[in-house]
Amino acid sequence: MIFDPYSWTKKRISLLVNQVNTIKTDSLKTSPGQIWSIKKLLILDYYISSYVKIMRKQSKFDSWCYVDTHCGTGLIDFEGLDLKDEIFPGSPIIASLRNPEFPFTEYFMSDIDEESIKTLKQRLVNLKPSVGTKSYKPVVRTFEDTVSFVEGKKRFGRGFLIFVDPVGFKEMKWKLMEKLLRIETADIFFTFMTHVITRHRSNVETGNAYKKSMDSFYGNSDWSKYSEGDDLLELYIRQIHRFKKYVFVIPVFQMGQKKLYDIIIATNSNGGRNVINDGSKVMSVATTEMIRDACKVLANKSTEITKWFT
Ligand SMILES: C[S@@+](CC[C@H](N)C(=O)[O-])C[C@H]1O[C@@H](n2cnc3c(N)ncnc32)[C@H](O)[C@@H]1O
């Protein structure tokens, strides 16, 4: 059957919104989101189903772990009046909703914020009929400690899908990213905050704090040769390529061509490369405008048939 990225995207948005309907009004904390955040969650959702299928077939793997280094509360909300009171599952819930059909051997979810972890734990209990009885056990932990934790879990026959979704980029020191990249069997998703990094770059002056955080983000000062967002992104990709055979970039736009960030996906596996080749079709139809329309229709805030959601 020919894969239709447009129907897949519509179907998944609708299903995911419905799957968290029972916890929509749980009055617990939500993670601040934006309509465009859904794009990275859809690509994660897409990747997980194919990733698990591939891992199950490979005799060299007996274990595959989902690692969410900045997991948040499990639900995102939306800024702006048009989708006020609407929610969407965040990355840890996206992964756990896939568990009944496409289970990971283990789930390692963590966040620095205590309340987010308490909330996520509660939500995973409340969603038991949909996420199954797996032991998810999210924990309070810094990104830095999670990197050491994952390094300790490395062993022959184990693969990792690591989702790294920070608020900004300051805790993302290159020395930590390099440790994750050195795990040969780890596929890594990373939200590269192109817009924020470029703005930060423009504030650099000799010896100031902006320079120091750029140095630690790149692990060197090569970034100082560039000032445009796409050049800074390219440099980061070149650095990742030293450790991973395939590196993909999916841009995320606020609207139209106004880019906010790029999702970087890095893998050594040919299977992972094929998944992304197909997944990029999904991502090219899942524009911010299309996702917004889909969410508004589902929230009964629009019955309008637009050019994106027909
Ligand atoms: C963009 S949100 C993550 C959203 C989540 N992936 C989702 O889809 O709902 C970033 C998270 O990083 C957490 N955070 C901030 N600094 C951190 C650190 N140094 N280590 C671990 N988590 C951190 C915040 O508490 C926040 O929940």
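In our numbering, the protein residues as written are 87 to 396.
Beta carbons are placed, not taken as given, at the ideal position from N, Cα and C, and that holds for glycine.
For clarity, every value in this text was computed on a predicted model and none was experimentally measured.
{"Item": "Inter-residue Cα distance where the pair is residue 155 and residue 336", "Value": "20 Å"}
{"Item": "Which of helix, strand or coil DSSP assigns to residue 245", "Value": "strand"}
{"Item": "Ligand 1 heavy atom lying under 7 Å from the CB of residue 229", "Value": "yes"}
{"Item": "Where residue 192 falls: helix, strand or coil (DSSP)", "Value": "strand"}
{"Item": "Reduced DSSP secondary structure (H/G/I, E/B, other) of residue 309", "Value": "helix"}
{"Item": "Reduced DSSP category for residue 272 - H, G, I as helix; E, B as strand; rest coil", "Value": "strand"}
{"Item": "Three-state class that DSSP yields for residue 119 in the structure shown", "Value": "strand"}
{"Item": "Other residues of its chain near residue 322: CB distance less than 8 Å, five sequence neighbours each side excluded", "Value": "278, 304 and 350"}
{"Item": "Beta strand (DSSP E) runs contained entirely in the stretch 274-349, provided each spans 3 or more residues", "Value": "332-341"}
{"Item": "Inter-residue spacing [alpha-carbon to alpha-carbon] between residue 332 and residue 189", "Value": "24 Å"}
{"Item": "Residue from 354, 284, 206 and 102 with nearest C-alpha to residue 328", "Value": "354"}
{"Item": "Reduced DSSP category for residue 222 - H, G, I as helix; E, B as strand; rest coil", "Value": "coil"}
{"Item": "Boundaries of the beta strand (DSSP E) in which residue 154 is found, first to last residue", "Value": "149-154"}
{"Item": "Cross-strand partners of residue 131 (DSSP beta bridge)", "Value": "Residue 131 is not bridged to any residue."}
{"Item": "Nearest-angstrom Cβ-Cβ length linking residue 168 and residue 382, presumed shorter than 8 Å", "Value": "6 Å"}
{"Item": "Host alpha helix (DSSP H) of residue 231 (start-end)", "Value": "229-239"}
{"Item": "Rounded separation between residue 394 and residue 89 - CA only", "Value": "Here residue 394 scores only 48 on pLDDT, less than 50, and its place in the model is too uncertain to base an answer on."}
{"Item": "Helix, strand or coil at residue 88 [DSSP, three-state]", "Value": "coil"}
{"Item": "Buried or exposed by the 16-neighbour rule on C-beta atoms within 10 Å, applied to residue 215", "Value": "exposed"}
{"Item": "Contact test: residue 253 Cβ vs ligand 1 heavy atom, cutoff 7 Å", "Value": "yes"}
{"Item": "Proximity test, residue 182 beta-carbon vs ligand 1 heavy atom, cut-off 7 Å", "Value": "no"}
{"Item": "Reduced DSSP secondary structure (H/G/I, E/B, other) of residue 362", "Value": "helix"}
{"Item": "Residue 161 classed as buried or exposed, judged by whether at least 16 other C-beta atoms fall within 10 angstroms", "Value": "buried"}
{"Item": "Residue 357: CB within 7 Å of a non-hydrogen atom of ligand 2", "Value": "By its list of ligands, the structure shown excludes ligand 2, since it contains just ligand 1."}
{"Item": "Alpha carbon of residue 360 to alpha carbon of residue 292, nearest angstrom", "Value": "44 Å"}
{"Item": "Span separating the alpha-carbon of residue 266 from that of residue 386", "Value": "42 Å"}
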